[in-house]
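What follows is a single structure, written as structure tokens, with notes after it.
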Amino acid sequence: MANTQLKEHISNALKKGYRLDGRKMDEFRPITLKVDCIRTAEGSARVQCGETELIVGVKLALEKPFPDTPDEGILMVGAELLPLSNPAFESGPPSIESIETARVIDRGIRESHAIDTRALCIEKGQKVWTINVDVCPLNHDGNLIDLGGFAAIAALKSAKFPIVKDGVVDYKEHESKALPLVECPIPITVIKIGENLLIDPTEDEESVLDARLTITFLENGDVCSMQKGGDEPITTEDFDKILELAGKASQELRKKLR
Amino acid sequence: MNYTKRFDGRKFDELRPIEAKAGVIKKADGSAYFRIGKTTAYAAVYGPRELYPKFMQDPKQGLLRCNYNMMPFSGAGERVRPGPSRRSKEISMITERALRPVLDLKDFPNAVVDVFIELTETDAGSRCAGICAASIALADAGIIMKDMVVAYSVGKVGDQVVVDLDGDEEHFDHNSSVDIPLAFIPSTGEITLLQMDGRISPADLRKCLAMAKEQAPAVLQVLQKALKDKYTME
Amino acid sequence: MTGLIVQDKTVVVPGEVIAEGIDYLPSYGSYREQDKIMASQLGLLNIDGKVLKIIPLAGRYLPRRNDVIIAKVVDILMTGWRLEINSPYTAVLNLKDASFDYIARGADLSKYFNLEDYMVTKIVNVTSQNIIDVSCKGPGLRGLRGGRVIRVSSCKVPRIIGKKGSMVSMIKRATGCQITVGQNGFVWINGEPDKEILVVEVINKVQREAHIQGLTERIQKFLEEKTGNKIEIIEEKDEYESSEQSEYSQEN
């Protein structure tokens, strides 16, 4: 539902240099990261940013490869907007918002070749590792794409292969071998409200945005994926500013991965 | 087959360590998490709120709607495919049945109280953990309830009657264990959830139920403390 | 054993035994089961002579006649407006109750109250099916322009208003913001952006600590620290006095 009163209010505060929670335009809410917190997963991470809290789990399985890539493992990223995490989410088939969130996070990891899928091949044409990354919010107060993508990389980084006995996976034990993760892509979403560009939007700010742009960065500063959202267009000047803002923010966030 | 010592060293009538906390999901009207051993359940309550579709509305009282779901990485083995399964739909329904008898929803005709339960990690006993988390979450949301509902399992491993089977015990001896999830209203001792998997004699079944009843006060205390702690931590 | 099991002003949970024997009478939020009285809602125990009552710490707003609330227009009907009131139920404002001015049939209703406008209004009738009628004809009842509306727990409203309005008037004076508190848990705030942020912070603090004694003094200290000014606690006749104010504010 359109929320013009809230939008006016947020815009008026922005004109005077304030966000509703007192933050600066380029400031993240306080973030905590915990890895390896879910014992049933091969890799996991839990992120809390302001009041947004989510868990990402990594599960591995041995399967037949796709026919057109017989020597490559498979990577799948899922994100569900769980109705537990926000009154606006309903139970039922995945909404288009959850599909977009999953696909944007997925592209960041896939297009950067963050996972060396060739290293996941056990037997060409017969057996490869499948990596499933699932993003599950517990409390949604905005910025799921950035936080989900960040937690996904943290989870992949901490993940270990399960032991394989006689060709069958034994999920109870892990090897000490980590996944072939060669890049750490981090998505950053910048939203536009009027003339203002903001980092790490809350749910309220997201609900009144004019436009948003998610850019995924690699450690050396290269961009590996982008997604524009929102009903309004952005100018090329906007784009330049967003690129710079997001780049800086991704470096800040990257420090927390250590 | 003989089962004389539990895998994790517990006594036969000892539950796994329990932990519970209220108010963990800020967007919800009420919420809680409940952990027993490695099984961890989160519950969020939204409501009473408007009920759609309209044909489900009851003009005499509010409706309770429960939804049980396992996060894809929460299963002890392979990944669990997201989305409702027959199993999760059945568990959602028995969860509703377990909680409904204690609720008073007559002040809210045509409205619904939605309870969402998510499991982040499971090691047997997940439906009971979900019911415990939901009990706390409903009270946290200010819903009028005559009592809180406690839930856990009891059963037989090998030839031994035990309380709160963990994952290893469930699969003992080619899955021949008896697993009985139950839920109680502590103040009256009434049973609101009763299911069973396995094969057991009536005499052993009675032993199981008697052993189960003894655990209720301890579990109730954990649920009550979770709520009270929320208001004393300053 | 007979008598009280739980002390006055403690937090009780559903199913908890509050008293035994026949000396006490259960009231709101409690019930009798044979010789015991138990709580049926999460809240603070309130003992008034022999009557045991629970002041709820949570729960959605249940509309009551004569409550003055803040409502939001969600639909413009043929003969009035449909309003969201922070409850599972919507309310209706009829043409004839909207204003002391005469509004002709067929007039453009959006000129009076448009979609998404907020207003201060009074509940005049609630049926058993929770169909709610409101009216804007009365002192202090009006549309609200500008500002921002936040949602608080309707249980905490008496604390936010305070005894004879002392809490909310203290916050108003400390921040220079206009503040109107609806019984239904909608609160309207209007002022400078940085002061509004402070109002929201203070109100959230009141909500979190509503059940702890000495709240008014703590909030006074908090406001003095944040604004650097001395602030007094003054009781004044507030526009909306709630019948429940007295229970909460007795502690102060």
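Residue numbers (my numbering), protein chains in the order written: chain C, -8 to 249; chain R, 903 to 1136; chain W, 21 to 272. Glycine included, every Cβ here is placed at the ideal spot set by N, Cα and C. A quick note: this is a predicted structure, and the numbers were derived from the prediction, not measured.
If I follow the unbroken alpha helix (DSSP H) through methionine 187 of chain W, where does it start and stop? 186 to 195
Can you tell which of C:Leu248, C:Asp12, C:Leu66, C:Lys246 has its C-alpha closest to the C-alpha of isoleucine 170 of chain W? C:Asp12
If you draw a straight line from the C-alpha of glutamate 1136 of chain R to the C-alpha of leucine 45 of chain W, how long is it? Reliability fails at glutamate 1136 of chain R, whose pLDDT of 47 lies under 50, so the model's placement of it is uncertain and the value that follows must be treated cautiously. Rounded to the nearest angstrom, the two C-alpha atoms are 32 Å apart.
For glycine 932 of chain R, name the three-state secondary structure that DSSP assigns. Reduced to three states, the DSSP call for glycine 932 of chain R is strand.
Using CA coordinates, which residue listed in W:Thr236, W:Ile253, W:His231, W:Lys215 is at the minimum distance from lysine 246 of chain W? W:Lys215
Going by the beta-carbon positions, is the gap between alanine 1026 of chain R and tyrosine 162 of chain C smaller than 8 Å? no
Please report whether the beta-carbon of arginine 52 of chain W lies at a distance below 8 Å from any beta-carbon of chain R. no
Can cysteine 175 of chain C and arginine 245 of chain C be called in contact, C-beta distance under 8 Å? Yes.
Pull out every residue of the segment 21 to 42 of chain W whose Cβ sits closer than 9 Å to any Cβ of chain R, in chain order. Thr30, Val31, Val32, Val33, Pro34, Gly35, Glu36, Val37
When we look at the beta-carbon of serine 1103 of chain R and count the other beta-carbons within 10 Å, is it buried (16 or more) or exposed? exposed
Once you ignore the five residues that flank valine 926 of chain R on each side, which residues in its own chain have a CB closer than 6 Å to its CB? Ser933, Tyr935
Which runs of the alpha helix (DSSP H), 4 residues or longer, sit entirely within the segment 70 to 140 of chain C? 87 to 102
When you compare the CB of glycine 13 of chain C with every CB in chain W, is at least one pair closer than 8 Å? yes
Is the Cβ-Cβ distance between valine 226 of chain W and isoleucine 254 of chain W less than 8 Å? Contact flag unset, no.
Taking proline 28 of chain C as the reference, give the member of R:Val1121, R:Ala1053, R:Ser976 with the closest Cα. The displayed chain sequence assigns cysteine, not proline, to residue 28 of chain C. Per the Cα distances, R:Ser976.
Identify the continuous alpha helix (DSSP H) that holds glutamate 244 of chain W and give its terminal residues. 235 to 247
Let's see if you can read the secondary structure: which residues bound the beta strand (DSSP E) around valine 226 of chain W? Run containing valine 226 of chain W: none in the beta strand (DSSP E); it sits in the alpha helix (DSSP H), 213 to 228.
Nearest-angstrom Cα separation, counted from proline 84 of chain C out to alanine 240 of chain C: 33 Å
Note down, in chain order, all residues in the segment 917 to 929 of chain R with a beta-carbon under 8 Å from any beta-carbon belonging to chain W. none
Interface residues of chain C facing aspartate 214 of chain W [CB-CB closer than 7 Å]: Tyr9
Of the residues R:Phe1018, R:Gly1044, R:Glu1092, which one's Cα is nearest the Cα of serine 82 of chain C? R:Phe1018
Hey, valine 177 of chain W and glycine 205 of chain W are a contact pair by Cβ (cut 8 Å); roughly how many whole angstroms apart? 6 Å
Do you know whose CA, among R:Ala1120, R:Val1014, R:Glu1023, lies nearest isoleucine 1045 of chain R's CA? R:Val1014
Limits of the beta strand (DSSP E) - the one that arginine 85 of chain W falls within: Segment: none, arginine 85 of chain W is in no beta strand (DSSP E) and carries neither H nor E.
3 or more residues per run - each beta strand (DSSP E) lying fully within the segment 90 to 129 of chain W: 100 to 104, 110 to 114
8 Å Cβ cut-off: residues of chain R touching glutamate 88 of chain C: In chain order: nothing, as chain R lies at least about 15 Å away.
At what residues does the beta strand (DSSP E) containing isoleucine 38 of chain W begin and finish? 37 to 40
Helix, strand or coil for proline 986 of chain R? Go by DSSP, reduced to three states. The answer is coil: DSSP assigns proline 986 of chain R none of H, G, I, E or B.
Residues of chain W with CB closer than 7 Å to the CB of lysine 1008 of chain R, please, in chain order. Those within 7 Å of lysine 1008 of chain R in chain W number zero; the least Cβ separation is about 10 Å.
Which of the three DSSP states is assigned to glutamine 149 of chain W in this structure? The answer is coil: DSSP assigns glutamine 149 of chain W none of H, G, I, E or B.
Do we get a CB-CB distance below 8 Å when we pair histidine 1130 of chain R with the residues of chain W? The amino acid at residue 1130 of chain R is misidentified as histidine; the sequence shows lysine. Interface residue (Cβ-Cβ distance to chain W less than 8 Å): lysine 1130 of chain R is classified as such.
Of all Cβ atoms in chain R, is any one closer than 8 Å to the Cβ of serine 60 of chain W? yes
What is the rounded straight-line gap between the Cα of lysine 15 of chain C and the Cα of arginine 165 of chain W? 27 Å
In chain W, which residues lie less than 7 Å from isoleucine 854 of chain R when you measure between Cβ atoms? A query on residue 854 of chain R cannot be resolved here, the shown segment of chain R reaching from 903 to 1136 and no further.
Alpha-carbon spacing of phenylalanine 242 of chain W relative to lysine 250 of chain W, whole angstroms: 11 Å
Burial state of isoleucine 232 of chain W (16 or more Cβ within 10 Å): exposed
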